[in-house]
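Here full-length UniProt numbering is used: the first residue of the sequence shown is 1, the next is one more, and so on.
Ideal Cβ positions, reconstructed from N, Cα and C, are used throughout, including at glycine.
The next block holds one structure in the form of structure tokens; read it before the comments.
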Amino acid sequence: MKLSVSNLNSHYGPAHILFDIGLEVGEGEVVALLGRNGAGKSTTFRSIVGLVALREGQILFEGKDISTAPTHEIVRSGLGYVPEERRIFTDLTVEENLEVGRQKPRPGAPQWTREKLYKLFPNLGEMKNRPGGRMSGGEQQMLTIARTLMGNPSLVLLDEPSEGLSPKIVEQMVDAILTMKKEGVSLVVSEQNLHFAKLISDRAYIIERGRICFAGTMAELDARPDIRDAHLSI
Ligand SMILES: Nc1ncnc2c1ncn2[C@@H]1O[C@H](COP(=O)(O)OP(=O)(O)OP(=O)(O)O)[C@@H](O)[C@H]1O
């Protein structure tokens with residue numbers, strides 16, 4: 001198992017947000033974490049990478065217990081995280097933003113170069129010298145993902161990659177995610193957009209009010225419109 005989360009409970013101050021979350025990601029799998037606004041998707045990701053101070057439970061990454069490890073150590077061990085808000089450096093160019101993300105090649109994980117990333121995101125290749133602040137939201141989203149890949153992660157947590165993107169950019173995002181998978185990156189993708197999730201994922205979990213209420217293949221989810229209607233806004 002690439003990533004295995006069990007009995008994860010997280011709190012923001014006095015507020016109990018996540019309840020006994022369990023999820024697993026196999027080698028090379030793309031898993032969707034579906035749920036409405038405020039269901040707990042971002043908090044799950046933030047907990048996995050150690051950004052929520054009050055968390056309990058077990059998180060194994062490549063068999064290693066990272067439940068209490070600090071964020072920088074988790075990221076350096078090959079677990080990439082792309083937050084929902086695009087944190088690019090607006091004064092730095094595309095190329096410079098990518099360099100910021102560079103880490104050493106990692107045995108067992110695909111290795112990325114700028115050239116390879118420009119193939120993955122052709123838009124970025126066409127604006128190598130453009131400052132990040134002068135890019136569209138979709139382009140910034142791609143740059144954030146590309147910068148994370150410069151760290152040669154073996155697994156990436158992608159928080160709502162399709163949010164706010166035009167249909168054309170969404171198509172490119174689907175292609176990019178499928179290419180990442182083909183290269184051997186495992187992914188957990190949080191989404192509210194079921195259509196997008198179906199195009200990229202092998203399996204899905206649905207989270208509602210901090211609890212996992214469905215786990216299964218995309219085909220199993222397709223066969224349960226009642227679950228879809230109860231827990232997702234489509
Ligand atoms: N820093 C915080 N302090 C207190 N409560 C928070 C904080 N961040 C999120 N929450 C609460 O935790 C719950 C889960 O939020 P979370 O952001 O994980 O949901 P989400 O599924 O990612 O939704 P979204 O798509 O809106 O990000 C919500 O009720 C939210 O109000």
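Alpha helix (DSSP H) segment containing residue i, residue limits
{"i": "Arg46", "result": "41-48"}
{"i": "Lys176", "result": "According to the sequence as given, residue 176 is Ala; it is not Lys. First-last of the alpha helix (DSSP H) with Ala176: 167-183."}
{"i": "Gly125", "result": "122-125"}
{"i": "Ala230", "result": "225-231"}
{"i": "Glu73", "result": "71-76"}
{"i": "Glu99", "result": "94-100"}
Residues that DSSP places opposite residue i in a beta bridge
{"i": "Arg211", "result": "Glu208"}
{"i": "Leu60", "result": "Ser4, Asp65"}
{"i": "Thr217", "result": "Arg203"}
{"i": "Ala32", "result": "Val189, Ala204"}
{"i": "Gly80", "result": "Val156"}
{"i": "Ser10", "result": "Leu18, Arg55"}
{"i": "Pro131", "result": "Thr93"}
Supposed close pair residue i, residue j - CB separation, criterion 8 Å
{"i": "Glu160", "j": "Glu191", "result": "6 Å"}
{"i": "Ser154", "j": "Arg102", "result": "Contact flag wrong, Cβ pair sits at about 16 Å."}
{"i": "Leu34", "j": "Leu194", "result": "7 Å"}
Element boundaries [beta strand (DSSP E), containing residue i]
{"i": "Gly22", "result": "15-25"}
{"i": "Gly138", "result": "First-last for Gly138: 137-149, but that is the alpha helix (DSSP H), not the beta strand (DSSP E)."}
Next on the checklist: When you compare the stretch 219-228 with the stretch 68-88, are there three or more beta-carbon pairs, one atom per stretch, that lie closer than 8 Å?
Outcome noted: Under the Cβ criterion (8 Å, minimum of three pairs), the stretch 219-228 does not count as touching the stretch 68-88.
Next on the checklist: I want to know whether the stretch 86-96 touches the stretch 42-59 - three or more CB-CB distances under 8 Å.
Outcome noted: For the pair of segments examined, the stretch 86-96 was found not to touch the stretch 42-59: the number of CB pairs separated by less than 8 Å stays below three.
Checklist entry - Are three or more beta carbon pairs between the stretch 175-189 and the stretch 22-34 nearer than 8 Å? => result Contact between the stretch 175-189 and the stretch 22-34 is present, because at least three Cβ pairs lie under 8 Å.
Checklist entry - Are the stretch 7-20 and the stretch 197-212 in contact at 8 Å, needing three or more beta carbon pairs? => result Taking 8 Å as the limit for Cβ pairs, the verdict is that the stretch 197-212 does touch the stretch 7-20.
Next on the checklist: Check whether the stretch 137-152 and the stretch 108-128 are in contact - that is, three or more C-beta pairs closer than 8 Å.
Outcome noted: They touch, by the three-pair rule.
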